[in-house]
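Asks: These protein sequence lines are chains A and B, in that order.
Just so you know, we're using the working numbering here: the first sequence kicks off at 8 and counts up by one.
Just so you know, we're using the working numbering here: the second sequence kicks off at 139 and counts up by one.
Heads up, the beta-carbon is just placed ideally off N, CA and C, and yes, glycines get one too.
A single structure is presented below for examination.
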Amino acid sequence: MSTNTESNKYTILFAIGMVVIVGSLLAFTASSLAPNIDENKRLEKQQNILYAMGVNENEGSSANFVSTEKAPELFKQYITEQIVIQGGNITTSNDAYLIDVKKQQSNAKAGLDRKLPLFIGEKEGQKYYIAPILGKGLWDAIWAYVAMDENMVIQGAYFDHKGETPGLGANIKERFFMDDFIGEHLLDNGTFKGITVSKSNADPKNIDKTDYEVDAIAGATITGDGVAAMIKSELKLYLPYFKSLNN
Amino acid sequence: MGLLSKKDTKLILDPLADNNPITIQVLGICSALAITAQLKASIVMSISVLFVLGVGNVVISLIRNIIPSKIRIIVQLTVVAALVIIVDLVLKAFAYELSKELSVFVGLIITNCIIMGRFEAFALGNGPWRSFLDGIGNAAGYGVILIIVGFFRELLGSGTLMGVKVLGDPIEKTGLYGFGYENNGFMLLSPMALIVVGLIIWVQRSRNKALIED
């Protein structure tokens, strides 16, 4: 049997066949694995939130989450309340951590009221207010879970990214960067100042916690600027809530 | 006689040195620049390419007689893209931690010119077993260079290897830093990868004059 593989008819048929086969193969794989992937993402969110409030298994200088098996149980134990701030209303919801921040950002752009999720955790008598935030790095999205006390002093943070450069921007999820934020103040006498990721920081060991600056990563200027911009624009939205806490 | 004939062994060993995809064929430079700032990333990338190139070469070789030559490049691209996406999905479902580390590389693998180069130059004209060996050999040759470049860039740029501070602490001024040594931040920028690759090419060609083209 010999087919003329050079004829136009064969070429077109081959192309159609290939697209159908490859397309259905990918669609099949994606849909059959979707439940597993969603579950993994859900557990990861719980791990991230717990990490920000200091429930983690950090060893030496590496950042380690609690294991995925323990995450749901610890999440129930430590996160006492999940609230959603929308307009001036505050509602509680046990699935607030599943709110898609990106979708809420585009809702806000379209002029709709944005849902702001906030998770309230309690550990050793101290209250933690953990906010999920999302911004832009150099290549793609960056996001973070920032734990604060009632005066918006940062108690812990977990940063992550979709596709920052390995070895440079990707280092925002390393402890030497994330731990710098612990203790930093966001408010200056009640006005929101945010935190700048600064290249000309005179305080590389980060001893001064009220300078509204952390040390930048060499070679990751744009990612660092993205982190600072994300903190400024996103955490600011929570300011009214924190003000209402202190009144 | 072992498992591999002499010709087969040559398929694996040649790309490691005298026919190296990066230094001799000058393929895959783009990804060699992008991810070699860290040794760990270089190793992960090498393993990913090893897998994709090994399997991809076999797939292309199996269907080489039914591919219309007019659209062969598109077919090759589709095969790589499908393979990479499937691997990514499977990792996301069953090894989530690992998939987060790898997600950066997925796009880079699809566009890696070594993969297209080997499909085009070898798999289209050879049987599956030989294509497999060729894929493994070339991916290993690529990996060796990546790891060498990653080693120097991470060591001189950040003073670490695999994230471990081997030269002391630059802020506490311990180890080498106590004597006034400074990290060369320039090593972390992409152009330095080209310069390191250039140095490797220089060393390799001065040792083996037969490699010098006119």
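(1) From the DSSP output, in three-state form, read off methionine 159 of chain A for me.
(2) Which two residues bound the contiguous alpha helix (DSSP H) that contains isoleucine 338 of chain B?
(3) Counting pairs of beta carbons, one from the region 282 to 298 of chain B and one from the region 262 to 273 of chain B, are three or more of them closer than 8 Å?
(4) Report, in whole angstroms, the separation of the C-beta atoms of methionine 25 of chain A and valine 213 of chain B, which I expect to be a contact under 8 Å.
(5) For alanine 175 of chain B, is the beta carbon positioned less than 7 Å from some heavy atom of the ligand MG?
(6) Which residues, in order along the region 20 to 38 of chain A, keep a beta-carbon less than 7 Å from a beta-carbon of chain B?
(7) Taking only beta-carbon atoms, is valine 213 of chain B less than 8 Å away from chain A?
(8) Can you find the residues in the same chain that come closer than 8 Å, C-beta to C-beta, to glycine 30 of chain A, ignoring five residues on each side of it along the sequence?
(9) Please confirm if proline 79 of chain A has its CB atom under 8 Å from at least one CB of chain B.
(10) Helix, strand or coil for proline 308 of chain B, going by three-state DSSP, please let me know.
(11) What is the rounded straight-line gap between the Cα of cysteine 168 of chain B and the Cα of serine 328 of chain B?
(12) Check whether the Cβ atoms of glutamate 220 of chain A and isoleucine 202 of chain A sit closer than 8 Å, and answer yes or no.
(13) Going by other Cβ atoms of all chains shown within 10 Å of its Cβ, with 16 needed for buried, is alanine 348 of chain B buried or exposed?
(14) Taking Cβ positions, are glycine 176 of chain A and leucine 145 of chain A nearer each other than 8 Å?
(15) Does leucine 63 of chain A get closer than 8 Å to chain B when you measure Cβ to Cβ?
(16) Determine the DSSP secondary structure at asparagine 55 of chain A, reduced to helix, strand or coil.
(17) Show which residues of chain B have a CB atom less than 8 Å away from the CB atom of isoleucine 149 of chain A.
(18) When you compare the CB positions of phenylalanine 82 of chain A and glutamine 112 of chain A, do they come within less than 8 Å of one another, or not?
(19) For glycine 190 of chain A, which residues of its own chain have a beta-carbon under 6 Å away from its beta-carbon, when the five flanking residues on both sides are left out?
(20) Output, in chain order, the set of chain A residues within a Cβ distance shorter than 9 Å of glycine 323 of chain B.
(21) Taking 8 Å as the CB-CB cut-off, is glutamate 13 of chain A touching chain B?
(22) Suppose you measure from the CA of isoleucine 181 of chain B to the CA of lysine 77 of chain A; what does that come to, to the nearest Å?
(23) Using a Cβ-Cβ distance cut-off of 8 Å, determine whether leucine 175 of chain A contacts chain B.
(24) Flag this pair as yes or no: are the beta carbons of phenylalanine 72 of chain A and glutamate 80 of chain A separated by less than 8 Å?
(25) Just to make sure I have the definition right: I need the residues of chain B whose C-beta is within less than 8 Å of the C-beta of asparagine 47 of chain A. Which are they?
(26) What does the Cβ neighbour count give for proline 139 of chain A, buried or exposed, with the cut at 16 atoms within 10 Å?
(27) For the beta strand (DSSP E) containing leucine 125 of chain A, list its first residue and its last residue.
(28) Measure the Cβ-Cβ separation of leucine 191 of chain B and alanine 331 of chain B and say whether it is below 8 Å.
(29) Using a Cβ-Cβ distance under 8 Å, would threonine 18 of chain A count as near chain B?
(30) Please list, in chain order, all residues of the same chain as leucine 165 of chain B whose beta carbon is under 7 Å from its beta carbon, the five residues on each side excluded.
(31) Identify the continuous beta strand (DSSP E) that holds aspartate 272 of chain B and give its terminal residues.
(32) Could you please give me the residues that DSSP links to tyrosine 152 of chain A through a beta bridge?
(33) Return the bridge partner residues of glutamine 89 of chain A from the DSSP annotation.
Replies: The structure says:
(1) coil
(2) Counting along the chain, the alpha helix (DSSP H) containing isoleucine 338 of chain B begins and ends at 328 to 345.
(3) no
(4) Their Cβ separation, rounded to whole angstroms, is 6 Å, which keeps methionine 25 of chain A and valine 213 of chain B in contact under 8 Å.
(5) The ligand MG is absent from the structure shown, which contains no ligand whatsoever.
(6) Flagged, chain order: Phe21, Ala22, Met25, Val29, Leu32, Leu33, Thr36, Ala37.
(7) yes
(8) none
(9) no
(10) coil
(11) 10 Å
(12) yes
(13) With fewer than 16 Cβ atoms within 10 Å of its Cβ, alanine 348 of chain B is classed as exposed.
(14) yes
(15) Sequence check: residue 63 of chain A is asparagine here, not leucine. Not one chain B Cβ lies under 8 Å of asparagine 63 of chain A.
(16) helix
(17) Within chain B, no residue comes near isoleucine 149 of chain A; the closest Cβ sits about 13 Å away, beyond 8 Å.
(18) no
(19) Lys216
(20) Ala225, Gly226
(21) yes
(22) 31 Å
(23) yes
(24) no
(25) Lys230, Ala231, Tyr234
(26) buried
(27) Start and end: 122 to 130.
(28) Taking 8 Å as the Cβ cut-off, leucine 191 of chain B and alanine 331 of chain B do not qualify as a contacting pair.
(29) yes
(30) These residues qualify, in order along the chain: Pro159, Cys251, Ile252, Gly255.
(31) Segment 266 to 296 is the alpha helix (DSSP H) holding aspartate 272 of chain B; no beta strand (DSSP E) there.
(32) A:Pro139, A:Tyr165
(33) A:Phe126
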